[in-house]
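Below is one structure, written out as structure tokens, with a few remarks after it.
Number of protein chains: 2
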Amino acid sequence: MDSGTGRRVTIVDVARHAKVSTTAVSKVLRNAYGTSPSMRAKVQQAIEELGYRPYAAARGLRGKTYTIGVLLPDIRNPFFPDILDGIKDTLRDTDYQVLLGPSCDSEKDEATITNAMIDRGMDGLILIAPLLPRPLLERLAKTVPAVVVGRHGHSDHYDTVTDDDITGAALIVNHLADLGHRHIAHIEHRETDPTRLSEMPNAVRAEGYRQAMRTRGLEIDLVSTTYTQEGGYLGAQQLLARPHRPTAVFAGADIVAMGVLTALTEAGLSVPGDMSVAGYDNTTFAALGPISLTSVDQAGHEIGGNAARLLLARIADRKRPSTQVKLSPTLVVRRTTGPLPL
Amino acid sequence: MDSGTGRRVTIVDVARHAKVSTTAVSKVLRNAYGTSPSMRAKVQQAIEELGYRPYAAARGLRGKTYTIGVLLPDIRNPFFPDILDGIKDTLRDTDYQVLLGPSCDSEKDEATITNAMIDRGMDGLILIAPLLPRPLLERLAKTVPAVVVGRHGHSDHYDTVTDDDITGAALIVNHLADLGHRHIAHIEHRETDPTRLSEMPNAVRAEGYRQAMRTRGLEIDLVSTTYTQEGGYLGAQQLLARPHRPTAVFAGADIVAMGVLTALTEAGLSVPGDMSVAGYDNTTFAALGPISLTSVDQAGHEIGGNAARLLLARIADRKRPSTQVKLSPTLVVRRTTGPLPL
DNA sequence: TCGGTTGTGGGTAACGTTTTACACTGAACG
DNA sequence: CGTTCAGTGTAAAACGTTACCCACAACCGA
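Chains as they are written, first to last, in my numbering: chain F, 34 to 375; chain P, 34 to 375.
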């Protein structure tokens, strides 16, 4: 508790104050082998009295900074805070601190920020639905322990945590089909990159939609835009312009569903009277009274918790075989979906 | 571009490769005085060829890490990303990198995270609507350059960026009064701490509400809950239970307004037919079609930009007199407010 | 008594960067 | 022909921490 400005109190100050060596202090800090209870007590007290906190930057120079970096693709997407909470809760009782990168909207941004994190000596990285091409992810993971969240596909160098998007899409399709809908459209996020096409959640959801529709013997109606509100708005307009309109729309993300709802409101259509709408992610605002959006819940908290746990394990042992965790989504029915209009 | 694992390439490697001293490399990196064009060229090329990036942790030990920490009180509040964008845009062309603390919901969390940031050698901190008591903020600002956003009140040690919450509240009150409303209730975030009572935006908004109501000769009707969706829900229930119901509700934040809308929907009341509702912050979802919430826009992007600018100035000169920037809010009228019902 | 072990503690060399101080050149100046 | 001076470069000492290695004492079993 230094009051005011002045130099930082260092391990040397503590050592002098406790009348031991800096080595001793360091050992106590890391509760390493070779410290007697009496010495520990002395050092603890000195630390207390001086209000000493180790300087992470200096520690970094020797290997560990006790910092974990989290990369969010889009801080505006209300699904990510759930993941973050899971990460935080798991890390709460460890010495690790979490720091977030500012949201990055491009591959280039992402590379810049991950590099910045590595340069700052972070002990491990959690990448949430990263855009980086596969080979770069692999290379990254060779440099620093990493866990990739939300992106399907196996790697030997990083662990992954995903939610079963195939099943999730099926949940929605079956729910709508059970309500009697035959013409169910899907608005997806356009994907061109070939590896991303098989790995990104959006692409997998679209594939799940296709499979479920085929299983049900229904005709596929796919619109490609983006996972944004605007994407939903434009997608809905496209659908409304069709000679043969769908009776239900499955938006690939809640934020997309919001755009759809906006477009329907403008067109004077009622939901679910004229058209059913479903989203994906069960974000906080899906539950809001005036919206009350049917959606798929991904258990973000658990996703984050698993990611943190895997990362800690990998930091402890970089050679351990890579693990894939796959969680199951659940359907949350609310008021935007209803029986087929007559 | 090292392919694969292997040691980091350091300034020593660059020096050896360019056949100069490490000092020379360092000078080029920081474009310091005392480098000939020919040497610069040699060094640049070596850096290029080896794919060298300075190790921020090591730099930290010598003073600067080129890292700026941002503390968000609540990552779920959709207003903060706007501020963040402003910060990012201002810092884009500098050598600084932004890192965010995970959202913190208590004073203790906040202290932990700011300490963690200081321990990691951050060059400056931007604190967004921090909860920390004034003396701790002052002490913090003596340790590290800091800018406080959203919190009113002057300090000699840190700069501040605020939006004029008094005026903002008046915008709403006047808008509603102009529509004919006489009984306008306000849902505020309960505040007990005395310094926070004068400094926190929520408290100032409540004060602005009081002033504007008095000016208009209207009676004050204040409900104290929290700035959360639940707070809005509970506040609305309280208001609905009154014998003499208000005809308009001014919620202190958009998220609160969402709770209000939920409660009204449940009670079978129409908006704005039966009751007008207004929020504050003009968050992204206020604009969403099905919600279309009247709100006050705070120009978050500009707020962030100013904060970053001030911080850079303070990092450059820690002794400079502290600056207070105050921005003006604007009213955004949407569909949740309307004329007094008959 | 001896060698070996175990429990404690410290000395010191890194880690990668910046910064201070200084050495060496020529050239310009009187 | 000394003296100053700007320009160009380097050596070496920090910065705060950890990890390796060694020293010392006490105890053990043979």
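Glycine included, C-beta positions come from ideal geometry on N, C-alpha and C.
- With its beta carbon less than 8 Å from one in chain P, F/Arg86 belongs to the interface.
- Contact check for P/Ala269 against P/Leu297 passes: the beta carbons are separated by less than 8 Å.
- For P/Met308, the closest Cβ of chain F is not nearer than 8 Å.
- Beta-carbon to beta-carbon, P/Gly186 and P/Met150 are separated by about 22 Å, too far to satisfy the 8 Å threshold.
- Proximity of the segment 190-209 of chain P to the segment 307-322 of chain P meets the contact definition, three or more beta-carbon pairs being nearer than 8 Å.
- Of the candidates P/Ile336, P/His334, P/Thr327 and P/Pro372, P/Thr327 places its Cα closest to the Cα of P/Val366.
- With 16 or more other Cβ atoms inside 10 Å of its own Cβ, F/Lys121 counts as buried.
- Under the 8 Å criterion on CB atoms, P/Arg278 is classed as non-interfacial with respect to chain F.
- No Cβ of chain P is located within less than 8 Å of the beta carbon of F/Arg347.
- Exposure of P/Ser69 is indicated by the presence of fewer than 16 other C-beta atoms within 10 angstroms of its C-beta.
- As the crow flies, the alpha-carbon of F/Val61 is around 15 Å from that of F/His50.
- The beta-carbon distance between F/Ile108 and P/Leu117, rounded to whole angstroms, is 7 Å. This is short enough to meet the 8 Å contact definition.
- Less than 8 Å separates the beta-carbon of P/Arg347 from that of P/Gly157.
- Residues of chain F whose Cβ lies closer than 9 Å to the Cβ of P/Thr370 do not exist; the shortest such Cβ separation is about 14 Å.
- Following the DSSP letters along the chain, one finds P/His222 inside the beta strand (DSSP E) bounded by residues Ile217 to His222.
- According to the DSSP assignment, P/Thr43 belongs to no alpha helix (DSSP H), since it is labelled neither H nor E.
- For P/Leu343, the enclosing alpha helix (DSSP H) stretches over residues Gly333 to Ala349.
- Look at F/Lys359 here: in three-state DSSP terms it is strand.
- Rounded to whole angstroms, the gap between the alpha carbons of F/Ser231 and F/Arg184 is 9 Å.
- The segment 71-85 of chain P and the segment 134-150 of chain P do not touch, with fewer than three beta-carbon pairs separated by less than 8 Å.
- The beta-carbon separation of F/Gly292 and F/Gly264, rounded to 6 Å, stays under the 8 Å limit for a contact.
- Comparing C-alpha distances from F/Arg95 to each of P/Gly96, P/Arg95 and P/Ala90 shows the shortest one belongs to P/Ala90.
- DSSP places F/Ala320 within a helical segment (H, G or I) once states are collapsed to three.
- Across the structure, P/Val53 and P/Val76 are spaced so that their CA atoms are roughly 8 Å apart.
- P/Thr248 and P/Ala332 have their C-alpha atoms some 26 Å from each other.
- When C-beta distances to chain P are compared with 9 Å, the residues of the segment 132-163 of chain F below that value are Leu132, Leu133, Gly134, Pro135, Ser136, Thr145, Ile146, Asn148, Ala149, Met150, Ile151, Asp152, Arg153 and Gly154, in chain order.
- Annotation for P/Thr56: the continuous alpha helix (DSSP H) segment containing it runs Thr55 to Leu62.
- Counting of Cβ neighbours within 10 angstroms places F/Asp196 among the buried residues, the total reaching 16 or more.
- When the alpha-carbon of F/Tyr85 is set against those of P/Asn148, P/Ile324 and P/Ala341, the nearest one is in P/Asn148.
- Taking all protein chains shown into account, F/Asn235 has 16 or more neighbouring C-beta atoms within 10 Å of its C-beta and is therefore buried.
- Think of a sphere of 7 Å around the beta carbon of F/Gln130: the chain P residues whose beta carbon falls inside it are Ala149, in chain order.
- Against chain F, the beta carbon of P/Thr123 has no neighbour under 8 Å; the closest one sits roughly 12 Å away.
- Taking a Cβ-Cβ threshold of 7 Å, none of the residues of chain P is close to F/Thr195; the smallest such distance is about 22 Å.
- Residue pairing from DSSP leaves F/Asp226 without any beta-bridge partner.
- Beyond the five residues adjoining it in sequence on each side, P/Arg342 comes within less than 8 Å, by CB distance, of Thr123 in the same chain, given in chain order.
- Across the structure, P/Ser59 and F/Arg92 are spaced so that their CA atoms are roughly 22 Å apart.
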